[in-house]
Amino acid sequence: MKNASKLLLTLLLSPAVFSQGNISGNMETVFQYLNEDSIINAKQPIQKGLLNSYMNVFYTQGNFKAGMRFESYLPRIQGYPNRFDGTGIGMRYVGYQNNFVDVTLGSFYEQFGTGLALRTYEDRNLGYDNLLDGVRIVLRPAKGLVLKGVYGTQRLSFQQGQVVHSEGLVRGTDAEWHLNEGIGLLKDKKLDVVLGASFVSKFQVDDNPEWILPQNVAAYGGRLKLTYGNFYADAEYIQKEQDPSSDNQYIYNYGHAAIFNLRYTQKGLGILLSGKSVDNMSYRSDRTKDLQDALINFLPSLNKTHTYNLVATLYPYATQPLGEVAYQADILYTFKKGTQLGGKYGTTVGFNYSTTYRPKQTLDGIDLNDSSRVVYFTSPFSMSDSLYWQDINVNITKKFNKQWSGILSYYDIQINNDMVKVSDAQGIIRARIAVLEGTYKINTHNALRWELQGMWVEKNPAGINDKGNWATVLLEYTISPGWFFSVMNQYNYGNADVSKRVNYPIVTCGYIKDATRLTVSYGRQRAGLFCVGGVCRPVPANNGLMINLTHSF
Amino acid sequence: MKKLILLYFFGVFSLSLSAQDSATESALTQKHVPSVKLVDMKGKAVNTADLTVDGPVIISFWATWCAPCKKELNTIHELYEDWVAETGVTLVAIAIDDEKTKSQVPVYVNGKAWDYKVLMDPNWDFKRAMGVNNVPHTFLVDKNGNIVYSHNNYAPGDEEKLYQELLKLSEK
Numbered sequence: 003m004k005n006a007s008k009l010l011l012t013l014l015l016s017p018a019v020f021s022q023g024n025i026s027g028n029m030e031t032v033f034q035y036l037n038e039d040s041i042i043n044a045k046q047p048i049q050k051g052l053l054n055s056y057m058n059v060f061y062t063q064g065n066f067k068a069g070m071r072f073e074s075y076l077p078r079i080q081g082y083p084n085r086f087d088g089t090g091i092g093m094r095y096v097g098y099q100n101n102f103v104d105v106t107l108g109s110f111y112e113q114f115g116t117g118l119a120l121r122t123y124e125d126r127n128l129g130y131d132n133l134l135d136g137v138r139i140v141l142r143p144a145k146g147l148v149l150k151g152v153y154g155t156q157r158l159s160f161q162q163g164q165v166v167h168s169e170g171l172v173r174g175t176d177a178e179w180h181l182n183e184g185i186g187l188l189k190d191k192k193l194d195v196v197l198g199a200s201f202v203s204k205f206q207v208d209d210n211p212e213w214i215l216p217q218n219v220a221a222y223g224g225r226l227k228l229t230y231g232n233f234y235a236d237a238e239y240i241q242k243e244q245d246p247s248s249d250n251q252y253i254y255n256y257g258h259a260a261i262f263n264l265r266y267t268q269k270g271l272g273i274l275l276s277g278k279s280v281d282n283m284s285y286r287s288d289r290t291k292d293l294q295d296a297l298i299n300f301l302p303s304l305n306k307t308h309t310y311n312l313v314a315t316l317y318p319y320a321t322q323p324l325g326e327v328a329y330q331a332d333i334l335y336t337f338k339k340g341t342q343l344g345g346k347y348g349t350t351v352g353f354n355y356s357t358t359y360r361p362k363q364t365l366d367g368i369d370l371n372d373s374s375r376v377v378y379f380t381s382p383f384s385m386s387d388s389l390y391w392q393d394i395n396v397n398i399t400k401k402f403n404k405q406w407s408g409i410l411s412y413y414d415i416q417i418n419n420d421m422v423k424v425s426d427a428q429g430i431i432r433a434r435i436a437v438l439e440g441t442y443k444i445n446t447h448n449a450l451r452w453e454l455q456g457m458w459v460e461k462n463p464a465g466i467n468d469k470g471n472w473a474t475v476l477l478e479y480t481i482s483p484g485w486f487f488s489v490m491n492q493y494n495y496g497n498a499d500v501s502k503r504v505n506y507p508i509v510t511c512g513y514i515k516d517a518t519r520l521t522v523s524y525g526r527q528r529a530g531l532f533c534v535g536g537v538c539r540p541v542p543a544n545n546g547l548m549i550n551l552t553h554s555f
Numbered sequence: 012m013k014k015l016i017l018l019y020f021f022g023v024f025s026l027s028l029s030a031q032d033s034a035t036e037s038a039l040t041q042k043h044v045p046s047v048k049l050v051d052m053k054g055k056a057v058n059t060a061d062l063t064v065d066g067p068v069i070i071s072f073w074a075t076w077c078a079p080c081k082k083e084l085n086t087i088h089e090l091y092e093d094w095v096a097e098t099g100v101t102l103v104a105i106a107i108d109d110e111k112t113k114s115q116v117p118v119y120v121n122g123k124a125w126d127y128k129v130l131m132d133p134n135w136d137f138k139r140a141m142g143v144n145n146v147p148h149t150f151l152v153d154k155n156g157n158i159v160y161s162h163n164n165y166a167p168g169d170e171e172k173l174y175q176e177l178l179k180l181s182e183k
């Protein structure tokens, strides 16, 4: 009887218990109405209006979880991968997690270590999504120890409202152990140690008539993180086995990627030195793909991500997966309040230097006439004198009083366009950019912000300087917490071709209510590279109206 | 026996009514912080569902490449000591920098002498779970893990609205 009434109670209470599940998510919809504009070579699409939308819905109830994303391209906006079309489900999963086990069936995003061996992720702004569809199991058998296993096929495209998968199969396992959490003896020691190891393998049928291709290709390696007081160091090394592909012209060399960071920080000061070596490391679940398609791993570029539009979108750098050696130094220092340089609020000075070179490749011990198709020899961090990229930049941030604050920045960028191909120009493009930003706080809720940007591109020995010099002026007025209005003009005043000395004016206004944001803009947008985290998408020039709505729930 | 069952029904009915009321309200108007396992700048594991054990929390999504995010967190930095003293709040700054700029996060955080709790979300697991479209996105969470306010943007003065919401919370 007692059991029966307990059962009754549970059953009757269950609707109440059920409704306690948590639903969250977000959505975005982007509408473009585009005009023909022959001066900037902007085309009007035949549909005139373009619409991208997506919505994520996530449900959790106790240890159970489920989620999905609807996507819709009617048709896709400009610059998005050109094969996305239709409306349908782009991602969905169910799962269960507690403190010991976390199982996901369906779509998932995962990163092993720094991602050199495996990283699946999404960036909706870029239209990038290489999720895995399959099974993921994460185990936490002991404190500080995390074991992962993944098995699945990758999302390659979204056609007629359905996900299209890449041809190959991806399998992987990873272990990470934070010693200080796991071993009682080390619990409060000054030295903090994290160890990790990954193994990833892909399978793709060999249907190539010319070569005998390995159908299973592995990538594996280890990593280490050490913290000692204010000092920090980390490193990861991943080796990839023979992986002939259209990227590397079907050679049978092994590949590697290595990355390290050394850091010293204290209150008011941060110093970072990083290094990276990459050789023959494009790793895709379909050996015939290129660009950003079917990538299993992630090779971060070692440089600062800039935000001012002239710096960020004209000459950005992305990793060359076939090989590069890169170094970076990053320093930030704040002069204390009350000192001569610090003034009343403190002054912050930032310095960043990054440089990338082609790796040194030799024919030591290589016989190009043998049947191995191993075509060169290289070793980690061995670099040639061929420059791919260099960026030296400084910025000073200062608050003068309750009303005025400002940032002064200077950049000196060199980019090898024969390799990176950000435009039609040949050789090394050298651009110097200065930006002055100021904010005037009128009162508690009203503020005015402006940016003055200038870009000067050096003429190479042939007298060519790509698109020449640029200037940008931006003015923004904000009324907290709800409204903003901005006007921006970019002017290509130094273009060698006088007919291309064009103005790109654009007006934007926005309304924000809590987690909802609506922006409307009208004007010209120049062609450029839109980049997030070192992954870039070329966006064509356009002229027209753009409406963007985002909401979180 | 029949009486007993009737009594049960009555009791359960009224219980479920009241439970449903509060449950529906919490499901419709309040979102909880989901459980995602992140690590701090040292590599120590943190479960995001446990962030509110010490009181109310401001969760602020930011990145080293996001100028308004840095402006917001630098503005709050000047007020933070007072906010903590008055309300017992903790600010948790979620860095969504991926591997390209992740190693610059501690340089910025220390270079600016922030006192915030900083967690790394390089593959956007927590960002996705919280329904964040773009940064900055700031959430105010009460000590029971309910999200009571959120704002997706930063303009000078927004910190004032956040402070008012925080005061409302600590008066409760």
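Quick mapping for you: the protein sequence lines, in order, are chains A and B. Following our numbering, the numbering of the first sequence begins with 3 at its first residue and continues without gaps. Following our numbering, the numbering of the second sequence begins with 12 at its first residue and continues without gaps. From the three backbone atoms N, C-alpha and C, an ideal C-beta is built for every residue, glycine too. Source: prediction; values computed, not measured.
beta-carbon residue i near the ligand NAD non-hydrogen atom, thresh 8 Å
i, result
"A/Ser40", "As presented, the structure is devoid of all ligands, the ligand NAD included, so that no description of it is given."
Own chain residues within Cβ distance below 7 Å of residue i, not counting five before or after
i, result
"A/Phe337", "Leu343, Gly344, Gly348, Thr349"
"B/Ser33", "Confidence in B/Ser33 is poor, its pLDDT being 44 and thus under 50, which makes the residue's placement too unreliable to answer from."
"A/Pro77", "Gln49, Leu52, Asp87"
Endpoints, the beta strand (DSSP E) within which residue i is located
i, result
"A/Pro143", "134–144"
"A/Ser411", "406–418"
"A/Ser276", "271–281"
"B/Tyr174", "Counting along the chain, B/Tyr174 falls outside any beta strand (DSSP E), though it belongs to the alpha helix (DSSP H) covering 169–182."
Proximal chain A residues relative to residue i, where beta-carbon distance stays under 7 Å
i, result
"B/Trp135", "Tyr123"
"B/Ala106", "What B/Ala106 touches in chain A: nothing, since even the nearest Cβ is about 12 Å away."
Proximal residues of chain A, C-beta to C-beta of residue i below 8 Å
i, result
"B/Tyr119", "Gly272, Leu334"
"B/Val143", "Asn28, Ser554"
"B/Ser181", "Going along chain A, no residue has its Cβ under 8 Å from B/Ser181, so there is no contact; the nearest lies around 20 Å."
"B/Pro45", "Asn24, Ser26, Phe60, Thr62"
"B/Glu171", "Thr446, His447, Ser482"
CB contact below 9 Å: residue i versus chain D
i, result
"B/Glu83", "Structure shown: chain D not included; protein chains present are A and B."
Proximal chain B residues relative to residue i, where beta-carbon distance stays under 8 Å
i, result
"A/Gly340", "In chain order: nothing, as chain B lies at least about 14 Å away."
"A/Ser276", "Ser114"
"A/Gly224", "Within chain B, no residue comes near A/Gly224; the closest Cβ sits about 15 Å away, beyond 8 Å."
"A/Asp516", "Tyr160, Ser161, His162, Asn163"
Chain-order list of residues whose beta-carbon lies under 6 Å from that of residue i (same chain, five-residue window excluded)
i, result
"B/Thr98", "Leu177, Ser181"
"A/Tyr123", "Tyr111"
"A/Asn58", "Gly27, Asn28, Arg71"
"A/Asn462", "Gly429"
"A/Gly440", "Gly408, Trp452"
"A/Tyr335", "Leu271, Val351"
"A/Ser284", "Asp249, Pro323"
Residue range of the unbroken alpha helix (DSSP H) whose run includes residue i
i, result
"B/Asp93", "78–98"
"B/Val116", "116–122"
"A/Ala44", "Counting along the chain, A/Ala44 falls outside any alpha helix (DSSP H), and DSSP gives it neither H nor E."
"B/Arg139", "136–140"
"A/Ser501", "Where A/Ser501 is concerned, there is no enclosing alpha helix (DSSP H), given that its DSSP letter is neither H nor E."
"A/Glu169", "Segment: none, A/Glu169 is in no alpha helix (DSSP H) and carries neither H nor E."
"A/Asp1", "No statement about residue 1 of chain A is possible, as the shown extent of chain A runs from 3 to 555 and does not include it."
"A/Asn182", "181–184"
Proximity to residue i [Cα-Cα], best of the options
i, options, result
"A/Gln217", "A/Arg286, A/Ala235, A/Leu324", "A/Arg286"
"B/Ser114", "A/Asn250, A/Asp135, A/Leu304", "A/Leu304"
"A/Leu324", "A/Tyr506, A/Gly170, A/Thr552, A/Asp292", "A/Asp292"
"A/Ala144", "A/Lys502, A/Arg138, A/Val504, A/Phe102", "A/Phe102"
"A/Ser374", "A/Leu454, A/Arg451, A/Pro246, A/Thr380", "A/Pro246"
"A/Tyr130", "A/Met93, A/Thr116, A/Tyr153", "A/Met93"
"A/Asn263", "A/Tyr234, A/Tyr153, A/Ser284", "A/Tyr234"
"A/Val500", "A/Lys469, A/Asp366, A/Asp190, A/Tyr75", "A/Lys469"
"A/Asn1", "A/Gln268, A/Leu275, A/Asn299", "It is not possible to answer for residue 1 of chain A, since the shown part of chain A is limited to 3 through 555."
"B/Gly168", "A/Val166, A/His447, A/Asn544", "A/His447"
Neighbouring residues, chain B, relative to residue i (Cβ below 7 Å)
i, result
"A/His258", "Those do not exist, as A/His258 stays about 17 Å from chain B at its closest Cβ, beyond 7 Å."
"A/Gln268", "Asn121"
Residues near residue i by beta carbon distance below 8 Å, same chain, minus five either side
i, result
"A/Asp288", "Leu158, Ser168, Glu169, Gly170, Gln206, Asp295, Ala296"
>> Ignoring anything shorter than 3 residues, give me the beta strand (DSSP E) runs that lie fully in the stretch 288–357 of chain A, in order along the chain.
In response: 325–337
> Fully enclosed by the stretch 190–238 of chain A, which beta strand (DSSP E) runs are 3 residues long or longer?
Replying inline: 193–205, 218–230
> Where in the stretch 450–485 of chain A do unbroken runs of the beta strand (DSSP E), each at least 3 residues long, occur, reported from the N-terminal end onward?
Replying inline: 472–481
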